[in-house]
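For reference, the structure is listed below as structure tokens.
Residue numbers (the numbering used here), protein chains in the order written: chain A, -5 to 386; chain B, 394 to 477; chain C, 11 to 246.
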């Protein structure tokens, strides 16, 4: 293959002095890997949650007392049904069951299997025979985290719950929810609504909160106002609020990212300083010599630009690819706990690969531009001085 | 030295290509379907955060009181089951 | 009549350090003809290296003119002065100034890169220069591993690579033993035969009796003292 002398010399400088570059590539790679991993995890979680958002109710109505959520009366359901434009009013019964032995908790969710939507969703998970079998006795569907936890503690086939009334309630483990749904179902125990009430100690006339839909988006504000005016202790959460909450949690502008960015910025400034001072000290004589041997300022800048560009591209591609491998192939061990927590049941979630090209290109530019500048500015400063002075 | 360049950049290209293949070939539909089935059944799509019992599991109901760390709720929260 | 290759007209160079002004070169006037060999002799600090740097376009004068082949190089913009250095000047430095991580051949290639030649031509020129400097057998050795004399020959080959008309040598034998210094003078004699214009800045007495026609110009405190031909020096 024919190569130009310039390209040949660029390669000579780059590969023969690779020791000089390996350190900076390695540090950049670690930074980009960390940043890439965090962004991959967050965009994957947000993508998955946004997909499920379509199945979520438009509104959730709760009762609050002294700023705390308390159970709502079922009488509210009838009041809500009277509001024009509201559909699919569903009472929700859920709560956390504390597994005292290991100080863990499960989320018990009661489902009305007679409800049309719930029934339809259940059929997506099991066939007709299983469904009949499931509805016959006290059975539960559990998330993978719960299943593993119960197995570890010698409850492979079911669990005996202690209700607040002091009664033991044995519930069979009917099926484990698919691993792919771990993101929302890991600590979930799905039981018939009556059973959930019993375990959670809720009365027949109580629900945890009420979910409802308002098919006409334009009416959302009106309906929210109307519902809020019903009772002094009513609290309405809209789907938009949920979206915002997810944004708050996993947006690159907030949460854990601010801390990560801070660390990255400090490290990056150190790299830039190292590059800047390296050009000024060890490369000063080289630049002066090249100039003395007939290289113009433009030639020297071109050489340094391409050399730095190679470092940037190598570090970026390797960093991002490693982050991809770590997050989407290995499942981001350790780091995912920062996002999903590690205080309760371990969640071995499958993260769906999502690449946000906007963010990736921003990282590239945020990394590449200061890095290239940190080399080109001192190079230019040295190159414009007389070669004799630069070579001193 | 040009050989080293072509080796390094072929390697980078190979990595990028493998990532692209993995990205394109991943089955997103079945993962989404599983999540949708659970969300549809329970009408709850909230994230299964592995939080301690004194921290809120159903996140969105509360308003974060710390913008830097939205997961951190006020210390008086005790919403595990018997607290209700 | 010989053609004037370098003409120096009332050249001054001074450096400022705070309020003090150090005059390094004071009103230098000199004409160097094509094919001539000039030896600038003087102690350290006499200004010979500065004069050489200004002739080579590595430094700029404070006032006065330097004409090379009739063209003033003192105020040329960067692109032109770089072009001038690449094509017309071959520099040999006191400390050789080689890139130690590169081989001898790769070092010789450096001045040829900005000239726009293709790889084949560059390789050919590198080979010719290395042979001329009698260091072709070390073409693929890393410069950092060569002896002082070998390094000097690589530096010579590099200076010859673009076939320049002018060869400037700054204290070329300062880091060489007597044997290698004599070898250097042999090569210099070959270059003289090839018709190159040579300017040497040195304080080495070996250059007092060069085996070819040369002109010795002593320098003292930034001024040219007098001009001697080899014969006058011998008489004195």
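For glycine and all other residues, C-beta sits at the position ideal for the given N, C-alpha and C.
- The beta carbon of residue 88 (chain A) sits closer than 8 Å to some beta carbon of chain B.
- Nearest CB-CB separation between residue 63 (chain C) and chain A: below the 8 Å threshold.
- Residues of the same chain with a CB within less than 6 Å of the CB of residue 115 (chain C), apart from the 5 flanking positions on each side, are 136, 149 in chain order.
- With a threshold of 8 Å between beta carbons, residue 403 (chain B) makes no contact with chain A.
- Between the C-alpha atoms of residue 429 (chain B) and residue 319 (chain A) there is a straight-line separation of about 26 Å.
- Taking a Cβ-Cβ threshold of 8 Å, none of the residues of chain B is close to residue 327 (chain A); the smallest such distance is about 14 Å.
- Under the 8 Å criterion on CB atoms, residue 398 (chain B) is classed as interfacial with respect to chain A.
- A distance below 8 Å between beta-carbons, with the five flanking residues on each side excluded, links residue 217 (chain A) to the following residues of its chain, in chain order: 53, 77, 79, 80, 208.
- Residue 120 (chain A) carries a coil assignment under DSSP once its states are collapsed to helix, strand and coil.
- The CB of residue 408 (chain B) comes closer than 8 Å to the CB of 311, 312, 315 in chain A, given here in chain order.
- Counted as a single uninterrupted DSSP element, the beta strand (DSSP E) harbouring residue 207 (chain C) occupies residues 207 to 212.
- Shown here is that no member of the stretch 25 to 57 of chain C has a Cβ falling below 7 Å from a Cβ of chain A.
- A contact between stretches requires three or more CB pairs, one per stretch, nearer than 8 Å, and the stretch 65 to 79 of chain C meets this requirement with the stretch 22 to 37 of chain C.
- The bridge partners DSSP lists for residue 152 (chain A) are A:166.
- Near chain B, meaning a CB-to-CB distance below 8 Å, the residues of the stretch 103 to 129 of chain A are 103, 105, 111, 112, 114, 115, 116, 118, 119.
- Following the DSSP letters along the chain, one finds residue 14 (chain C) inside the beta strand (DSSP E) bounded by residues 14 to 27.
- A:137 is the residue among A:4, A:345, A:137, A:281 whose C-alpha sits nearest the C-alpha of residue 99 (chain A).
- In this structure, A:171 is the residue among A:213, A:171, A:33 with its C-alpha nearest to the C-alpha of residue 134 (chain A).
- The CB of residue 92 (chain C) comes closer than 8 Å to the CB of 285, 288, 289, 290, 291, 293 in chain A, given here in chain order.
- Under the Cβ criterion (8 Å, minimum of three pairs), the stretch 169 to 184 of chain C counts as touching the stretch 201 to 218 of chain C.
- Three or more beta-carbon pairs separated by less than 8 Å are not found between the stretch 15 to 35 of chain A and the stretch 137 to 156 of chain C, which leaves the two stretches without contact.
- Each residue's CA atom was taken as its position, placing residue 326 (chain A) and residue 372 (chain A) some 39 Å apart.
- Just measuring C-alpha positions, the residue of B:437, B:406, B:442, B:395 sitting nearest residue 311 (chain A) is B:406.
- Apart from sequence neighbours up to five positions away, no residue of its chain approaches residue 119 (chain A) with a beta-carbon distance below 6 Å.
- Where residue 50 (chain C) is concerned, there is no enclosing alpha helix (DSSP H), although the beta strand (DSSP E) around it starts and stops at 47 to 51.
- At a beta-carbon threshold of 8 Å, the residues of chain A lying near residue 111 (chain C) are 10, 11, ordered along the chain.
- In the three-state DSSP reduction, residue 109 (chain A) falls in the coil class, being neither helix nor strand.
- Within 10 angstroms of the beta-carbon of residue 181 (chain A) lie 16 or more other beta-carbons, which makes it buried.
- Counting along the chain, residue 41 (chain C) sits inside the beta strand (DSSP E) bounded by residues 30 to 43.
- By the 16-neighbour rule on beta-carbons within 10 angstroms, residue 74 (chain A) is buried.
- Here residue 437 (chain B) carries a coil assignment [DSSP, helix/strand/coil].
- Residues of the stretch 189 to 223 of chain A that bring their beta carbon within less than 7 Å of a beta carbon in chain B comprise 194, 205, in sequence order.
- Per DSSP, reduced to three states, the secondary structure at residue 364 (chain A) is helical.
- Just so you know, the alpha carbons of residue 49 (chain C) and residue 229 (chain C) end up roughly 10 Å apart.
- Residue-level contact check: residue 164 (chain C) does not touch chain A, since none of the beta carbons of chain A fall below 8 Å from its beta carbon.
- Taking all protein chains in view, the Cβ of residue 113 (chain C) is crowded by 16 or more other Cβ atoms within 10 Å, so the residue is classified as buried.
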